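**Q** Questions regarding the structure given below will be posed in turn.
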């Protein structure tokens, strides 16, 4: 009986070990149905179907947005430069809010700026694929014949306008879509973006482009990409970059390439001057600081005083602890023994070296007085003993560093 139980347990273990688990731990990812996808064909709540009439553009910009604050910052920075200096149209793609009360604010915003595209889709992270499909359909219908490319970006990126204009006119490959290139990876099976094997039985995501900033040639949107989306052979995954820029691009035979000049934000090198597009900012403060540094040469890092305060507190704490340790160590026998050894070493090596120095001085014919040598030793002793001077120097360097940090370049 015991042997049978052991064999049964081993079989259960082997089955659990080598059988794919269809459950997904804490998964809240979403798979859309074909019926959900038809929402992308619905009429818009706020439309701008006259944006491309009677005009020819090298490229058209649509910003994928869900935040009024981010739209406002974008309007006041790189979007303002593009609109005023290069007359490139920019629209902001949004859905309808979860709280109908906020719709009146959206209407007021559009009356003020005239730059919103509001689709008949709930504004939600898990509706990104539906939203992007709606944008592609709208662009194909109204702008693809008058614009060569669609630049589709998130509302939290920064763009060096001059570099972007040059890039779009000279180096864009019209046979591929371009953005931040990601190699094939395992599909996520847990957490916020995870999906179960039952819902999504494919284990690997093909090479894809992050959705932060993507360039779509108009003819690829019209002739291949939209058709692939509505004839998908894989479940409709909620993340637009994975589904559209990965699976659908692969299904339609569309090449995906890394865009030269696109970089992820690095807090240690928040410089837009040497880059074209910056993505993946951790927060709005980092994006604002980077833009201020780019335009004004000023880094408005509000956390620097707090950081310096922490450093100084840490140094003070170290000095206090070290002082108490020295105080107790001086009172021990070990300190007396160490002091005796140091004196022995000093008298053993100091006088022979001193005699050699005097001999070399005499041999070279240089008549340095004994007072001169004593002054030299006193100087070294002063450097060792006057530790408060080091502290003053340190404070001086800190002040100079702060002034340099906040001064214009």
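In mature numbering (1 follows the signal peptide of the UniProt record, and there is no 0), the protein residues as written are -16 to -1, 1 to 393. Just so it is clear, CB atoms sit at the ideal spot from N, CA and C, and this is done for glycine as well. The model shown is predicted, which means the values in this text are computed figures rather than measured ones.
Are the beta-carbon atoms of residue 89 and residue 49 separated by less than 8 Å?
**A** For residue 89 and residue 49, no; Cβs fall outside 8 Å.
**Q** Using CA coordinates, which residue listed in 58, 260 and 95 is at the minimum distance from residue 272?
**A** Minimum Cα distance to residue 272 is reached at 58.
**Q** Is there contact here, the region 180 to 197 with the region 146 to 154, by at least three beta-carbon pairs under 8 Å?
**A** Touching, no.
**Q** Within 10 angstroms of its Cβ, does residue 225 collect 16 or more other Cβ (buried), or is it exposed?
**A** Burial call: buried.
**Q** First and last residue of the alpha helix (DSSP H) that includes residue 53?
**A** Residue 53 -> alpha helix (DSSP H) spans 52 to 60.
**Q** Taking the alpha helix (DSSP H) that residue 240 falls in, what are its first and last residues?
**A** It is not in any alpha helix (DSSP H) - residue 240 instead sits in the beta strand (DSSP E) that spans 239 to 242.
**Q** Determine, using beta-carbon pairs with one atom in the region 83 to 97 and one in the region 133 to 147, whether at least three such pairs fall under 8 Å.
**A** Contact fails: fewer than three Cβ-Cβ distances are below 8 Å.
**Q** Tell me the rounded alpha-carbon separation between residue 212 and residue 198.
**A** Going by the C-alpha atoms only, they are around 18 Å apart.
**Q** Taking the beta strand (DSSP E) that residue 199 belongs to, which residues open and close that run?
**A** 192 to 201 is the extent of the beta strand (DSSP E) around residue 199.
**Q** May I ask you to report which of helix, strand or coil DSSP gives residue 383?
**A** Residue state, collapsed to three classes: helix.
**Q** Take the Cβ of residue 119 as the centre, count every other Cβ of all protein chains shown within 10 Å, and call the residue buried at 16 or more, exposed below.
**A** Per the 10 Å Cβ criterion, buried.
**Q** Going by C-alpha to C-alpha distance, which of 69, 115, 245 and 39 sits closest to residue 260?
**A** Among 69, 115, 245 and 39, the Cα nearest to that of residue 260 belongs to 245.
**Q** Within the chosen definition, does the region 231 to 238 reach the region 111 to 128 through at least 3 CB pairs nearer than 8 Å?
**A** Touching, no, given that fewer than three Cβ pairs across the two stretches are closer than 8 Å.
**Q** Suppose the cutoff is 8 Å on Cβ atoms and the five residues either side in sequence are ignored; what does the same chain contact list for residue 67 look like?
**A** Hits under 8 Å: 73 and 74.
**Q** Out of 220, 215 and 241, which has the shortest C-alpha to C-alpha gap to residue 200?
**A** That would be 241, whose Cα lies nearest to the Cα of residue 200.
**Q** Can you list, in chain order, the residues of its chain whose CB lies under 6 Å from that of residue 134, leaving out five sequence neighbours each side?
**A** Cβ neighbours of residue 134 beyond the five flanking positions: 44, 123 and 200.
**Q** Only counting runs of 3 or more residues, tell me where the beta strand (DSSP E) segments fall wholly within the region 93 to 176, in order along the chain.
**A** Counting whole runs of 3 or more residues, the region 93 to 176 contains the beta strand (DSSP E) stretches 100 to 106, 131 to 138 and 160 to 166.
**Q** Kindly identify the DSSP beta-bridge partner or partners of residue 262.
**A** Per DSSP, 142 and 247.
**Q** For residue 220, which residues does DSSP report across the bridge?
**A** Note: residue 220 sits in a beta bridge opposite 16.
**Q** Check whether the Cβ atoms of residue 29 and residue 109 lie closer than 8 Å to each other.
**A** Not a contact, by the Cβ cut-off of 8 Å.
**Q** Can you list, in chain order, the residues of its chain whose CB lies under 6 Å from that of residue 219, leaving out five sequence neighbours each side?
**A** 15 and 184.
**Q** Per DSSP, which one or two residues make a beta bridge with residue 189?
**A** Paired residues: 169.
**Q** Using CA coordinates, which residue listed in 228, 223 and 156 is at the minimum distance from residue 209?
**A** When only C-alpha atoms are compared, the closest one is 228.
**Q** Quick one, which of 205, 13, 196 and 31 has its alpha-carbon nearest residue 99's?
**A** Nearest of 205, 13, 196 and 31 to residue 99, Cα basis: 31.
**Q** So, with DSSP's three-state summary, where would you put residue 43?
**A** Strand.
**Q** Got a sec, what are the start and stop residues for the alpha helix (DSSP H) residue 212 sits in?
**A** Per DSSP, residue 212 belongs to the alpha helix (DSSP H) from 210 to 214.
**Q** Once you ignore the five residues that flank residue 264 on each side, which residues in its own chain have a CB closer than 7 Å to its CB?
**A** Only 196, 248 and 249 meet the Cβ criterion.
**Q** Counting only the same chain and skipping the five closest in sequence on each side, list residues whose C-beta sits under 6 Å from that of residue 103.
**A** Excluding positions up to five away in sequence, the list reads 28, 79 and 118.
**Q** If you draw a straight line from the C-alpha of residue 26 to the C-alpha of residue 121, how long is it?
**A** Answer to the nearest angstrom: the Cα atoms are 10 Å apart.
**Q** If I follow the unbroken alpha helix (DSSP H) through residue 270, where does it start and stop?
**A** Note, residue 270: alpha helix (DSSP H), 268 to 280.
**Q** Could you give the C-beta distance for residue 477 and residue 171, rounded to a whole number, given that I count them as a contact under 8 Å?
**A** Outside the shown range of the chain, which is -16 to 393, sits residue 477, and nothing can be said about it.
**Q** Given residue 202, which residues of its chain have a CB within under 7 Å of its CB, disregarding the five upstream and five downstream residues?
**A** Result list for residue 202: 128, 131, 132, 133 and 134, in chain order.
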